[in-house]
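Undergrad: Those sequence lines, one after another, are chains A and B.
Just so we're on the same page, the working numbering is the position in the first sequence counted from 1, plus 25.
Just so we're on the same page, the working numbering is the position in the second sequence counted from 1, plus 19.
Cβ atoms here follow ideal geometry from the backbone N, Cα and C, with glycine treated the same way.
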Amino acid sequence: MAARKARISFAIKRFKGFWNQFKKSKRGMAGIIIVAFFSLLAIFAPIVAPYDPITPMKDKTRYPSDTKPPLIAAKLANPSWYKYLPWIQRGPTNAEELFWTNTSQLGGLYFVVFGRLEVTGEGAISRATIDEHRGNATDDYMMLSKAALEAPQVQVIYPNGTTRDIANTQEWWDIRSPAAVGGQFGSPTYNSLRSFVHTLSETLGKDLVYAVFKLKYRYSSDVTENIELVPDFQFSSDQNFNEQWDWATLTGSAQLRYNSEKGVNNDGCIEITYDPTTTESESKVVLSSRFEYPYWEPPETFWAHLSVRVQGKPVDVTMTIQKDGEHKIDILRLHLDPTSLYFHRAIYPREKPVMEASGSLTPEKIVMPSPGNYTFGVEVAFSGNDDAAVYLDDVNFISYGNSFGLLGTDNAQGAAYPRDIFSTLVYGTQVSLLVGILSALFGTVIGLFLGLVSGYVGGITDEIIMRVADLFLVLPTLPLFIVLVVALQVVYGSVSMWNIIIVITLFGWMGFSRTVRSMVLSLRERPFVEAAKAAGAGKFYIISRHILPNVFALVYITLATAVPGAIVTEASLSWLGLGDPMIPSWGKLLYDFQTSGVAITKGLTEYWFWVFPACLSIALLATAFILMGYALDEILNPRLRMRR
Amino acid sequence: MGLKEYVVKRIVYSVILIFAALTVNFIIFSMLPGDPLEAYMAKMAQTTGMTEERYLALRAELGLDMPLHERYLNYIQNMLTWNFGRGEIGGGQTVTQMITQRLPNTLILLGTEAVFSIIIGVLIGVLVAHKRGGLFDTATVTASLATYSVPIFFIGWLMLFFFAVQLKWFPLGGIQPRAWGRTPPTSIFEFLAGRISCLVLPTITLFLFSVGGWILLSRACVLETITEDYVVTARAKGLKERTVLYKHVLKNASLPLITSVAMTFGFLISGAIITETLFSYNGMGLLMWNALHPPDLPVLQAIFYVIALTVIAANFIADLLYGVVDPRIKYG
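The structure is reproduced here in C-alpha cells:
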C-alpha cells in the first residue's frame, strides 16, 4: 500500500516538474489554451449550438407530423449582427437614374439598359455608358420594381430634348396593381410598359430607336429578421387567444369562440359555428392578428400554416395578408369537405398553385413590399342553409428575413433546409477532434508496437515491417486516401467517419515506428538490458519494463504532432466531398460552399462567414496541436534536451 | 566504383517500389471486400443505361471476367504499357490522353513551386538557425509551424480573395487567360505572360503551404551540424560568418535535406490536388477531382498510378543526387 502511495506521489511530483517546465513555453501554453477551448466547445456543442447541424427544422415536434415544419431561416442569410454595422445601409434612399429602351426590339424582348446618357443637341444620344445591361425583359422589370418600392417619378426624355413627366400615372408603375387583388398575379405592369413604349414610338414616328427615361425612385435596403406572428400557435389557452387574435363576423350569423378540447392534440383550438336562420344563405367569419413589419425590404420568404377540421357542410377557408390602407391579398385558398380528422396545410409562397410570381416580382415583394402595419387573417366562408362547424388550430405565419444567427445560413445542394452555419461549426469541432485524436492515437499505438517488435525482434520480421513502412512512406498520402475512400464509397454507398479514421490510421504509423525502431536498436545494446537478460528476463518483460519507458516520452510528442495531420487530412477529404455525409464536419461545410452554386467571387466576399470561420477553426486547432507538440518536443526529447 | 553500385541498387529498389505501388493500387480497386471495380461497373450499367455491348467491352477492358491472378497480370500489363482504357468523363478522350495532357501542367506547377520554396526555405532556415533563440527565430518557427498545419484550401481561398477578387491582380483560375479561348496568341512573350499570370496564385499557395516545412527542416539540420568541431575550426580560421554558414555548415546539413526533397514530393502532390481544384488549374489534381463526382474508378486508378510513379521517380532522382553529393557513397 505504501509503495503504491509513494509511486503515486512520485508521479504527481514528476508531473508538477514537467508542468513547471511546460508553463515556460509560450507556444505550448497558447496551444493548450486553444485545444482546451475547442474541447469545451466540442463537449458542450449541444448546449452552445442552437440548431441541428444536418436537418434543422424549427419547432419540429410542435407542428403536426404530416406537414413540413418551418425552416429555421431563409437560405443564405447574413449574420444577424450585421444590423449593428454602421456601414450597412438601412432604409430608403432617393436615387435618380437614366435608362433607355431599344424600341426596335418591341416585337419580342426589348432591352432596358441602365446607364448614364449624355444628350446633346437635337435628338441624338451622343454617348452612352452602359453600366448594367439586362437582356431579358423580366429581369429589367425586377430591377425596376425592386428599385421602386414607393411610387417613383418617371420622366421621358424625347430625342429632341423635351421632357414629359409620367409620375404616378398608374400606367405601369403600381406594383400592387389592381389585378393582384384577386389572388391572381399576372404581369400587367410589364405589358403596360411595353404598350407604353409602343405608343411612344408610334406617336413619335417609326424612326425612333431609343426612348430615354429618367427615373426618380426610392431605393431601399435593410437587414431584416425573422418575424413570427404568434408564439402560441396551438391555442393552448383562452387568455393567449384573446391577447393575440381578433375576430369578427363579416356577414351572416356565424360565431367564433375558443374551444379548449377539440384541437389537434385534444387541446385548445378555435371553433366557428354556423347556425343559420331560415333565410340566411351565407356567412363569413374572419380570425385576424395584426403585426408590424418594420423593415425596408421585403422578406426573403414566408411560411404559413393551418390545421382545419370541417363538420357538416363544405366551407371555403382563405388566408390573407393586408397592409393597412392597401388591398387584401390571398395567400392560400382552400375548399374543404367535412372530415373527421384535421387537415394540415403549410405553404411556402413559391409553392404553386397557391401563388404565382408575376415576372420576377416575387410573392414576398407583392405581399409585404414596405414597412408598415399588416393584418394576417383567416377567413372562413359558409354557404347554404345547413349547420356547419369549423375547427382551426396551429395557425401561424412566419416571415423570414435576410439575417439570422451568429454566422448566417447556408445554401447547400441536396440539403432540404438551410442550416445554421454557427451550429454546424460548433458540431464540426466534435468531428475534427474525434477524428484527429483517435486516428493519431491508433496510428501512434500501432507505430509503437511495430517499432518495438521490429527493433527488438529483428531479422525477417524487422525486414518486412520496415519495407512495408518504406513503401507506405513513398506513396503520396492524399491521393491514396482519396482512392481508398472512393473505393469504399462505391462499394458501400457512402463512407462513415470510422472508415476515415481507419484509413488515416492505416497510413499513419510508419514514421513513428521507424523512430521507435532506431531507438530500440540502440537501447537493446545498453548494459541494463544485458543485465536484465542475464537475470533471466523474458523478451516481453524487457520490452515492457526496460525499453518501453525509455521510448514513451516520444509517444506524447508524436501524438501531439500527428493530430493536426489527421485533422487536416479529414478536412481535406471532406472538402473533396469524400466525408461522411451525415456528419457536420468543417470540411463538409466548405465542400457545401464549393458545390452550392454560389460563384466563388461573390461567395468569398458576400458569404465570407460561410468560408473563413471554418477554415480558421481547422487552422487554429491544427496549429494548436503542433505548437503543443513542439513544446513537448523541447522538454521531452532527450536529444534536444541534451543540447540545451 | 561505389557510385555505380549505388545507382544500380537504387534502380532495382525503384522498380520494386513501382511494382509494390501497382500492387497496392490493384488491392484497393479489386481486392477490397465487395470488389470496388465490379460494384462500380454494376452502378455504371444502372445509372448511365449503357448498351450491353459497351458494358461487356468495358468489363473486358478492366479484366473483370478473368480469375484474379490473370486479372492482376492484365492490369500490370495495361499499366506498364500506359494503356489506361477509356474513362466515362473524358468524352471520347482516352485516359492516357487525358493524363499525358495534364501531367506536364502539374509538373510545371510543382517544379516552379519546389524551386522557390526550397531555395527560400533553406536560406531562411539557415539564417534562423544561426540566430537561434532570438525573436526572429521564434517568430519564424511559430509562423512556419502554423503554415505547415494550415489546410491548403484556406491559403488558397485567402489568395483568391485578396489577389483575384479584391485586387484583381491575377485571374481567378484556369490554366490560361479566359480571353484566349481556343486560340492562344502567337507571340511567345504574350503566351508566356498569360500562362505565368495563371501560374502565380497556385504557386504562391503551394509555396506558403510548403515553405514552413523547409524552414523547420533546414533549421533542424543546420542546428545538428553547427555545433560540430569543424565549424568551430572554420570560425577560428577567421572565415566570414556567411562563408562558414553557407559553405561549411550547409554542405553537410544538406544531406538529410536532399533525402527529404523526395519525401516532401508526395506531400506536395497532396497539396497540388487541392490547389488545382481551387484554381481550376488543368492538371492531374483537377482531373482527379473531376473523377470524384461521380466516381470514375478506372480513371482514378490510372491517376493514382501515375502520381505514385512521379513520386517514385522524384525519390530516385533525389537518391542519385544524394549519391553524387555524399562523398561516402562515391568513395566508400
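For H88 of chain B, count neighbouring Cβ atoms within 10 angstroms of its own Cβ and tell me buried if that reaches 16, exposed if not.
TA: H88 of chain B comes out exposed.
Undergrad: Anything in chain B within Cβ reach of G602 of chain A, meaning under 7 Å, just list it in chain order.
TA: Within 7 Å Cβ-Cβ: L311 and H312.
Undergrad: In terms of residue numbering, what span does the alpha helix (DSSP H) encompassing F286 of chain B cover?
TA: Taken as a continuous stretch (DSSP letters only), the alpha helix (DSSP H) holding F286 of chain B covers L269 to L297.
Undergrad: With respect to the alpha helix (DSSP H) encompassing E24 of chain B, which residues constitute its N-terminal and C-terminal limits?
TA: Element bounds for E24 of chain B: G21 to F45.
Undergrad: Could you tell me which chain A residues have their CB closer than 7 Å to the CB of P11 of chain B, listed as they occur along the chain?
TA: Because chain B here runs from 20 to 351, residue 11 of chain B falls outside it and cannot be looked at.
Undergrad: In the DSSP assignment, find the alpha helix (DSSP H) that holds N334 of chain B and state where it starts and stops.
TA: Element bounds for N334 of chain B: L316 to V344.
Undergrad: Which stretch, first to last residue, makes up the alpha helix (DSSP H) that contains A413 of chain A?
TA: Unbroken run through A413 of chain A is the beta strand (DSSP E), A413 to Y425; no alpha helix (DSSP H).
Undergrad: Where are the alpha helix (DSSP H) runs, 4 residues long or more, that stay fully inside the stretch 274–306 of chain A, in chain order?
TA: Listed in chain order, there is nothing to give.
Undergrad: Quick test of the definition: if touching needs 3 or more C-beta pairs under 8 Å, does the stretch 129–141 of chain B touch the stretch 595–608 of chain A?
TA: No: fewer than three Cβ pairs fall under 8 Å.
Undergrad: Tell me the rounded alpha-carbon separation between G133 of chain A and W328 of chain A.
TA: Low confidence applies to G133 of chain A: its pLDDT is 31, below 50, so where it sits in the model is not reliable enough to give any reading.
Undergrad: With three or more C-beta pairs closer than 8 Å as the rule, is the stretch 490–498 of chain A touching the stretch 531–543 of chain A?
TA: Yes: at least three Cβ pairs fall under 8 Å.
Undergrad: Of the residues A:V73, A:Y299 and A:F577, which one's Cα is nearest the Cα of V310 of chain A?
TA: With distances taken between Cα atoms, V310 of chain A lies closest to A:Y299.
Undergrad: Would you mind giving the Cβ-Cβ distance between A333 of chain A and L417 of chain A, rounded to the nearest angstrom? I have them listed as a contact below 8 Å.
TA: A small correction: the amino acid at residue 333 of chain A is Val; Ala does not occupy that position in the sequence shown. Going by Cβ atoms, the distance from V333 of chain A to L417 of chain A rounds to 6 Å, so yes, they are a contact pair.
Undergrad: Pick helix, strand or coil for I59 of chain A, following the three-state DSSP scheme.
TA: Note: I59 of chain A maps to helix in three-state DSSP.
Undergrad: Locate the alpha helix (DSSP H) running through D248 of chain B, then write down its first and last residues.
TA: It spans D248 to A255 - the alpha helix (DSSP H) in which D248 of chain B sits, taken as one unbroken run.
Undergrad: Would you be able to state if there are at least three C-beta pairs under 8 Å between the stretch 260–270 of chain B and the stretch 237–249 of chain B?
TA: The stretch 237–249 of chain B is in contact with the stretch 260–270 of chain B.
Undergrad: Evaluate L174 of chain A with the Cβ neighbour count: other Cβ atoms within 10 Å of its Cβ, from every protein chain shown; 16 or more gives buried, anything less gives exposed.
TA: Summary for L174 of chain A: the model assigns pLDDT 36, below 50, so the residue's position carries little reliability, and this model does not support an answer.
Undergrad: Under a CB-based cut-off of 7 Å, is T154 of chain A close to chain B?
TA: Because the pLDDT of T154 of chain A is 33, which lies under 50, any placement of that residue in the model is unreliable, and the number read from its coordinates should be weighed accordingly. For T154 of chain A, the answer is no, since every Cβ of chain B falls outside 7 Å of its Cβ.
Undergrad: Using a Cβ-Cβ cut-off of 7 Å, state whether L496 of chain A counts as contacting chain B.
TA: Closer than 7 Å: yes.
Undergrad: Got a sec: which bits of the stretch 277–288 of chain B sit with their beta carbon under 9 Å from any beta carbon on chain A, in order along the chain?
TA: Residues passing the 9 Å Cβ filter: A281, M282, F284, G285, F286, L287 and I288.
Undergrad: Taking 6 Å as the limit between beta carbons, can you name the residues of its chain near S424 of chain A, skipping five residues before and five after?
TA: Once the five neighbours on either side are set aside, the close Cβ partners of S424 of chain A are I252, P324 and F327.
Undergrad: Give a yes or no on whether the C-beta atoms belonging to G472 of chain A and R542 of chain A are separated by under 7 Å.
TA: No, the Cβ-Cβ distance between G472 of chain A and R542 of chain A is not below 7 Å.
Undergrad: Does DSSP classify W272 of chain A as helix, strand or coil?
TA: In the structure shown, W272 of chain A sits in a strand (DSSP, three-state: E or B).
Undergrad: On a CA-only basis, which of A:S448, A:G484, A:M535 and A:G480 is nearest G468 of chain A? Give me that one, please.
TA: Selected option, being the one with the closest Cα: A:M535.
Undergrad: By alpha-carbon positions, which one of A:V340, A:Q347 and A:K353 ends up nearest to D362 of chain A?
TA: Nearest option by C-alpha distance: A:V340.
Undergrad: For E286 of chain A and V405 of chain A, what's the separation of their Cα atoms in angstroms?
TA: E286 of chain A and V405 of chain A: Cα-Cα distance of roughly 20 Å.
Undergrad: Whose Cβ in chain A lies nearer than 7 Å to the Cβ of T161 of chain B?
TA: Ordered by position in chain A, the residues that pass the 7 Å Cβ test against T161 of chain B are R52.
Undergrad: Closer than 8 Å by beta-carbon distance: list the chain A residues that pair up with S136 of chain B, in chain order.
TA: Ordered by position in chain A, no residue passes the 8 Å Cβ test against S136 of chain B, which lies about 17 Å from the chain.
Undergrad: Report the CB separation of Y341 of chain B from I277 of chain B in whole angstroms; it is logged as a contact under 8 Å.
TA: Sure, about 5 Å apart at Cβ, within 8 Å.
Undergrad: Can you tell me whether F447 of chain A is buried or exposed? The criterion is at least 16 other CB atoms within 10 Å of its CB, across all chains shown.
TA: Result: buried.
Undergrad: Can you grab the Cα-Cα spacing for the pair G654 of chain A / M491 of chain A, in whole Å?
TA: Those two C-alpha atoms are separated by around 25 Å.
Undergrad: Mapping DSSP to helix, strand and coil, what is W611 of chain A?
TA: Helix, per DSSP.
Undergrad: Taking only beta-carbon atoms, is L579 of chain A less than 7 Å away from chain B?
TA: L579 of chain A does not count as touching chain B.
Undergrad: Just curious, the beta strand (DSSP E) that R370 of chain A is in, first and last residue?
TA: Note, R370 of chain A: beta strand (DSSP E), F368 to I372.
Undergrad: Going by Cα to Cα distance, which pick from B:Y324, B:V160, B:R347 and B:D345 is closest to N102 of chain B?
TA: Minimum Cα distance to N102 of chain B is reached at B:Y324.
Undergrad: For E404 of chain A, which residues does DSSP report across the bridge?
TA: In DSSP, E404 of chain A forms a bridge with A:V311 and A:T343.
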